[in-house]
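**Student:**
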Amino acid sequence: MRARAADHLEALSLEIERKLQKALNSNSQRLQLLQQLFADIALKVDDRARDVILSTNDDGIAPVDEREDTRLCFYEILANHFVKVPESGRRILDLIVQLWSQSFAANIFALLFHRWLFEVPLDGKEVSLRYSSALVQGATNYLLEEVALVPDQLSKISVQAGRGLFLLLSRFMLFYDQDHLLASFLEHFPTFPNSFLVGGPADYYVIELTDQLQKLKVEPVLLHYLSRLTILQGLELRMSTSTRLKACLYSFTSPGGPTYPTRAVRHAAWNTLDLLFPVGRYPRHVISLFFRLLYPWYWPSSCWNFIMTCVKTVYYYILNLIVSSWENMRRPNHQRMHRD
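Per the working numbering, the sequence shown runs over residues 3 to 342.
#1: With contact counted as at least three CB pairs below 8 Å, one residue from each stretch, are the region 146-162 and the region 112-119 in contact?
#2: Near residue 18, what residues of its chain come up, given a Cβ to Cβ distance below 6 Å and the 5 sequence neighbours on each side ignored?
#3: Quick one: what's got a C-beta closer than 6 Å to residue 25's C-beta in the same chain, skipping five residues either side?
#4: Where does residue 162 land, buried or exposed, given buried means 16+ other C-beta within 10 angstroms?
#5: Note down the Cα distance separating residue 77 from residue 190, rounded to an integer number of angstroms.
#6: Only counting the same chain, and skipping five residues up and downstream in sequence, which positions put a Cβ closer than 7 Å to that of residue 243?
#7: Identify every residue that forms a DSSP beta bridge with residue 312.
#8: Checking the sheet assignment: what are the DSSP bridge partners for residue 46?
#9: Which class does residue 264 belong to by DSSP, given the choice of helix, strand or coil?
#10: Quick check: what's the CA-CA separation for residue 297 versus residue 251?
#11: What does the Cβ neighbour count give for residue 308, buried or exposed, with the cut at 16 atoms within 10 Å?
#12: Just the C-alpha distance for residue 71 and residue 46, rounded to the nearest angstrom, thanks.
#13: Please report the straight-line C-alpha distance between residue 170 and residue 332, rounded to a whole angstrom.
#14: Taking a contact to mean a Cβ-Cβ separation below 8 Å, would you say residue 108 touches residue 136 in this structure?
#15: My understanding is that residue 22 touches residue 97, with C-beta atoms under 8 Å, so please give their C-beta distance in whole angstroms.
#16: Return the CA-CA distance between residue 132 and residue 328, expressed in angstroms with no decimal places.
#17: In the DSSP assignment, find the alpha helix (DSSP H) that holds residue 95 and state where it starts and stops.
#18: Shortest alpha-carbon distance to residue 74 belongs to which of 165, 176, 86, 42?
#19: Please go through the region 236-301 and give each complete alpha helix (DSSP H) segment of 4 or more residues, from N-terminal end onward.
#20: Could you give the distance in angstroms between the alpha-carbon of residue 283 and the alpha-carbon of residue 330?
#21: Can the beta-carbon of residue 248 be found less than 8 Å from the beta-carbon of residue 275?
#22: Please name the residue in 216, 79, 44, 295 whose C-alpha comes closest to that of residue 271.
#23: Residues in its own chain within less than 8 Å of residue 153 by CB, not counting five upstream and five downstream?
#24: Let me know if residue 306 comes out buried or exposed under the rule of 16 or more other beta-carbons within 10 Å of its beta-carbon.
#25: Would you call the CB atoms of residue 345 and residue 173 closer than 8 Å?
Structure, rendered in structure tokens:
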């Protein structure tokens, strides 16, 4: 019975692989094929398919008669299968990676590999970052609002998986504009064995966020994160966590090229650093200026940017002065007309 179930699961895996390959080869029908595949794996398993695929000896999914919710979907069975037999999903994973930018690709990945991501060791930090990002992209609202922030749902998964889920969401909450849920998120944050060394929920959150920032290399994404970091203002952090965040932000303020941050990122990092850590603001800028003076090849660009900034400031000041003067001149006329 067990071998027969495994054969049917392999057949399902091959069918998914075939549809992904077809979507990859067909530009005109790609979106339609991915949408159909997403709908197929989210279908409820009928009674006949249950008897064929499931056996009472399979681990990870409770028998149908023992489940509180008798609705069982194909992706649940396949997600469990890919954990027990990771090789079965390698080819599917490779095809999904080639379809990353397409609609429904991240959603399909989230359904099929949400357990695999937490339970199967991954090779390399970049691979982990890519898959984690795809998982959160494919199921942000569900993971955050219907699992992490709902104690009854959170209790249904293992303690280790719950901790991993919160650490994962800590990295991507700001990117998906979920910062308004930060207070509730920190309230539900699980306890960790080494919390007496690391600190509280806010410390874990900031540490994960800092690690995420240091891995990012795309300017728009960095700017988005830096613009959202103001939410951290007022959080009580340990000295080590605060220093870690400060060092991370300061690392984005160094000019140079080609691998150094762009000018927009540097200015955004300075603004965020000054907002979160106002104490020592002026000494930081003086030290930064001193180090810039040690590199004469940066002087022309720095002088030009300084001149342009001054010109823009004066221009907007004069424009604002003219507009305010015009408004002041119009106000008495309106008052006089109103009296008349």
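Glycine residues also receive a C-beta, built at the ideal position from the N, C-alpha and C atoms.
Predicted model only: the values in this text are computed from it and were never measured.
**Tutor:** In short, the structure shows the following:
#1: no
#2: Residue 18 sits at position 16 when you count from the first residue of the sequence shown. Around residue 18: 94.
#3: Walking along the sequence shown from the start, residue 25 turns up at place 23. Within the same chain, residue 25 has close Cβ partners 32, 35, 36.
#4: Working through the sequence shown from its first residue, we reach residue 162 at position 160. Exposed, because fewer than 16 other Cβ atoms sit within 10 Å of the Cβ of residue 162.
#5: In the sequence shown, residue 77 corresponds to position 75, counting from 1. In the sequence shown, residue 190 corresponds to position 188, counting from 1. Looking at the two C-alpha atoms, the distance is approximately 28 Å.
#6: Here residue 243 is taken as the residue at index 241 of the sequence shown, counted from 1. Excluding sequence neighbours, residue 243 sits near 201, 205, 208, 209.
#7: Your numbering for residue 312 matches position 310 in the sequence shown. DSSP, once it has assigned bridges, lists no residue as partnering residue 312.
#8: Translated into the one-based positions of the sequence shown, residue 46 becomes position 44. Residue 46 is bridged to 75.
#9: The residue you call residue 264 lines up with position 262 of the sequence shown. Three-state result, residue 264: coil.
#10: Here residue 297 refers to the residue found at position 295 of the sequence shown. Here residue 251 refers to the residue found at position 249 of the sequence shown. Those two C-alpha atoms are separated by around 21 Å.
#11: Position 306 of the sequence shown, counted from the first residue, corresponds to residue 308. Exposed is the call here.
#12: One-based indexing of the sequence shown puts residue 71 at position 69. One-based indexing of the sequence shown puts residue 46 at position 44. Residue placement at residue 71 cannot be trusted, given a pLDDT of 48 that sits under 50; what the coordinates show is reported in the next sentence. Their Cα atoms are separated by approximately 12 Å.
#13: As a first step, residue 170 is located in the sequence shown; it is residue number 168 there, counting from the start. As a first step, residue 332 is located in the sequence shown; it is residue number 330 there, counting from the start. Using only the alpha carbons, I get a separation of about 56 Å.
#14: Taking the first residue of the sequence shown as 1, we reach residue 108 at position 106. Taking the first residue of the sequence shown as 1, we reach residue 136 at position 134. Yes, Cβ-Cβ distance for residue 108 and residue 136 is below 8 Å.
#15: Position 20 of the sequence shown, counted from the start, is the residue given in the question as residue 22. Position 95 of the sequence shown, counted from the start, is the residue given in the question as residue 97. Going by Cβ atoms, the distance from residue 22 to residue 97 rounds to 4 Å, so yes, they are a contact pair.
#16: Here residue 132 corresponds to residue number 130 of the sequence shown, with the count starting at 1. Here residue 328 corresponds to residue number 326 of the sequence shown, with the count starting at 1. For residue 132 and residue 328, the distance between alpha carbons rounds to 54 Å.
#17: Indexing the sequence shown from 1 puts residue 95 at position 93. Where residue 95 is concerned, the enclosing alpha helix (DSSP H) stretches over 92-100.
#18: For the purposes of this step, residue 74 is identified with residue 72 of the sequence shown, where counting begins at 1. Among 165, 176, 86, 42, the Cα nearest to that of residue 74 belongs to 42.
#19: 241-253, 265-278, 283-295
#20: As a first step, residue 283 is located in the sequence shown; it is residue number 281 there, counting from the start. As a first step, residue 330 is located in the sequence shown; it is residue number 328 there, counting from the start. Their backbone Cα atoms lie some 37 Å apart in a straight line.
#21: Working through the sequence shown from its first residue, we reach residue 248 at position 246. Working through the sequence shown from its first residue, we reach residue 275 at position 273. In contact: residue 248 and residue 275 (Cβ atoms closer than 8 Å).
#22: Here the question's residue 271 lines up with position 269 in the sequence shown. Checking every option, the nearest Cα to that of residue 271 belongs to 216.
#23: For the purposes of this step, residue 153 is taken as residue 151 along the sequence shown, with counting starting at 1. Contacts found: 190.
#24: The count along the sequence shown starts at 1 and reaches residue 306 at position 304. Exposed, because fewer than 16 other Cβ atoms sit within 10 Å of the Cβ of residue 306.
#25: Given that the chain is displayed from residue 3 to residue 342, the structure contains no residue 345 and the question cannot be resolved.
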